[in-house]
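Below is one structure, written out as structure tokens, with a few remarks after it.
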Amino acid sequence: MLGKAIHGLLVIAIPLVIISGLKRSAMLAAAITVGYLFLAFYILGKLNDALLFWLQGAYIGFLISLIVFASIYFYNVYRFLGYETKIAEILRGQKEIQLSLATFFAGFIEGVSGFGIPPAVVAPLIYSTGTPAVLAVCSVMIGHTWAVPFASMGVPTAVLARLSEVDTFILSSTTGIYMSFSLAIIVIVVSRILSMPFTTAILYSLLSFLIYPIAVLLGPLTGSVTGIILFAISLFKTFGIRKSLNILSKLKPYLLLTTILMTSSLFGLRGLKVSAFLIALTGIFVQFSSRNKGIVPFRNAIKMAWKPSLAIILFASAAEMAGKGGFMYSLARMVSLILGKYYLFAVPVVGAVGAYFTGSNTTSNIVFAKLQESYANLIGYDEISLLALQNTGGGIGSMTSPSKIAVGSSTIGENNIESEVLRKVIRMLPVVILPQILTAIVLGVL
Numbered sequence: 362m363l364g365k366a367i368h369g370l371l372v373i374a375i376p377l378v379i380i381s382g383l384k385r386s387a388m389l390a391a392a393i394t395v396g397y398l399f400l401a402f403y404i405l406g407k408l409n410d411a412l413l414f415w416l417q418g419a420y421i422g423f424l425i426s427l428i429v430f431a432s433i434y435f436y437n438v439y440r441f442l443g444y445e446t447k448i449a450e451i452l453r454g455q456k457e458i459q460l461s462l463a464t465f466f467a468g469f470i471e472g473v474s475g476f477g478i479p480p481a482v483v484a485p486l487i488y489s490t491g492t493p494a495v496l497a498v499c500s501v502m503i504g505h506t507w508a509v510p511f512a513s514m515g516v517p518t519a520v521l522a523r524l525s526e527v528d529t530f531i532l533s534s535t536t537g538i539y540m541s542f543s544l545a546i547i548v549i550v551v552s553r554i555l556s557m558p559f560t561t562a563i564l565y566s567l568l569s570f571l572i573y574p575i576a577v578l579l580g581p582l583t584g585s586v587t588g589i590i591l592f593a594i595s596l597f598k599t600f601g602i603r604k605s606l607n608i609l610s611k612l613k614p615y616l617l618l619t620t621i622l623m624t625s626s627l628f629g630l631r632g633l634k635v636s637a638f639l640i641a642l643t644g645i646f647v648q649f650s651s652r653n654k655g656i657v658p659f660r661n662a663i664k665m666a667w668k669p670s671l672a673i674i675l676f677a678s679a680a681e682m683a684g685k686g687g688f689m690y691s692l693a694r695m696v697s698l699i700l701g702k703y704y705l706f707a708v709p710v711v712g713a714v715g716a717y718f719t720g721s722n723t724t725s726n727i728v729f730a731k732l733q734e735s736y737a738n739l740i741g742y743d744e745i746s747l748l749a750l751q752n753t754g755g756g757i758g759s760m761t762s763p764s765k766i767a768v769g770s771s772t773i774g775e776n777n778i779e780s781e782v783l784r785k786v787i788r789m790l791p792v793v794i795l796p797q798i799l800t801a802i803v804l805g806v807l
């Protein structure tokens, strides 16, 4: 058992060291991790099993990468048709709604796109209101994290669910329920950063609990649907009906996509393949209905998606090999023997630390999925609840992602503020993740 536990520990350590310590790409880290696992199986005399597990994991990763590509293609269609520029022109300088921009609108953008796009899109809008650059980037880095588990229509959660062999919809719903408490705190924290009126902060914080029923009904669509509903409410409150409808009209492609996916979900048509197909088909429809048939969106999607897609395929295969090879079970058994049920309280922190070191909630979920699943089984704890804590922790921890901070800083032309932004968001991380730790404690006691 000790030998396999060491292999499991190294499977976690290798990508963390390569990505965070050596500053190398996730794709390289994934490839080296897979290579190490083949070596471990060879040492154990089970190389044939390794190939089978690798193929099974690669297939899961391929299905996930289909959604990644489809979501990035759709985003590029949106940009190509000029919608992003139009909404930026309308929202630029609107100081009254900067709180909802940093939280609800950024969350909506995360839900429909992901991949560091919210800081790139929203930080410049808040900066245009006269907010200092550091605070503009900080507000978005913190503000969008509640929706990170639902990025690209739920990719991080789908990854976690598929690798742990649990229901994606139920895990998404549970994640959304747990995240409602942190979203309320996020709104308060961001309101202090942006010096917004306290009454507005309290109102929006209370409205944040709408995520609860939305999560129960719509699962993976929680981020996009909650974000757009709360953003629309803030618009109507601030500008009235006419101007609000004008702003929302610039989001028509995404509203259409969300409606299609909602309808599909309510009729029971769910899953990675269904979602990827509908996202891609809607993107093609939106582009061709505009009579603009250029290949730029498709070409840009390939350019943006191939590296993260390949990394996901490799990491998913590594996770499957480590899980079915018994490495993560052995490591989880060691953890349970040493820490018992106390490790449960640290699960959200583990997810957050993983997101910091790897720069991604998706990668954090891949790295820790099998460990958390095995630990839950060993201590007799509900898998969904424990995995949801991993998911929320990873989402919140992504506020410290250096790559996202770099993107947000560069889009407002301030590349020298990254370290200051990182220091500020790290100070806020314990406040935002505290509700998840308390949730873990309460669930552990019950």
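Quick note: the sequence shown uses my numbering, first residue 362, plus one each step.
Even for Gly, the Cβ is constructed at its ideal location relative to N, Cα and C.
C-alpha of D410 to C-alpha of P376: approximately 23 angstroms in a straight line. DSSP places R652 in the coil class of the three-state scheme, outside both helix and strand. Rounded to the nearest angstrom, the Cβ distance from L521 to L747 is 11 angstroms, too far for a contact under 8 angstroms.
The C-alpha of G758 is placed about 7 angstroms away from the C-alpha of G712. Considering only V438, G364, V378 and A392, the residue with the shortest C-alpha distance to F649 is V438.
Taking C-beta atoms under 8 angstroms as the contact rule, V768 and A481 qualify, at a distance of about 5 angstroms. Taken in chain order, the whole alpha helix (DSSP H) runs of length 4 or more contained in the region 394 to 467 are 408 to 441 and 444 to 452.
Exposure of T624 is indicated by the presence of fewer than 16 other C-beta atoms within 10 angstroms of its C-beta. Comparing alpha-carbon positions, the option among P796, F402, M540 and L567 lying closest to K365 turns out to be F402.
Going by C-alpha positions, I448 is about 49 angstroms away from Y690. Restricting attention to alpha helix (DSSP H) runs no shorter than 4 residues, the region 527 to 610 encloses them at 529 to 554, 559 to 568, 572 to 579, 583 to 600 and 602 to 610, ordered along the chain. Under the three-state reduction of DSSP, Y704 is assigned to helix. Counting every other CB atom within 10 Å of its CB across the protein chains shown gives L582 a total of 16 or more, marking it as buried. A distance below 7 angstroms between beta-carbons, with the five flanking residues on each side excluded, links S500 to the following residues of its chain, in chain order: A463, I487, V551, I554 and L555. Across the set I699, S678, Y703 and N722, the C-alpha of S678 shows the shortest separation from the C-alpha of G396. Around the CB of G454, fewer than 16 other CB atoms lie within 10 Å, so the residue is classed as exposed.
Membership of A677 in the alpha helix (DSSP H) is indicated by the continuous run V657 to K685. Counting the other CB atoms within 10 Å of its CB gives E681 a total of 16 or more, which places it among the buried residues. A662 is positioned such that its CB atom lies closer than 8 angstroms to that of I433. For K384, the three-state secondary structure derived from DSSP is coil. Annotation: K634 to A641 spans about 11 angstroms, alpha carbon to alpha carbon.
The Cβ atoms of L732 and L692 sit closer than 8 angstroms to each other. Closest by C-alpha distance to F399, out of T492, M388 and F688, is F688.
By the CB criterion at 8 angstroms, L596 and S585 fall outside the cutoff. For the 8 angstroms CB-CB criterion, I745 and I572 do not form a contact.
The region 733 to 742 and the region 500 to 516 do not touch, with fewer than 3 CB-CB distances between them shorter than 8 angstroms.
A straight-line Cα-Cα distance of about 14 angstroms links N777 and K765. Contact between the region 600 to 614 and the region 557 to 564 is absent: fewer than 3 CB-CB pairs across the two stretches fall below 8 angstroms.
The C-alpha of V710 lies about 33 angstroms from the C-alpha of L412.
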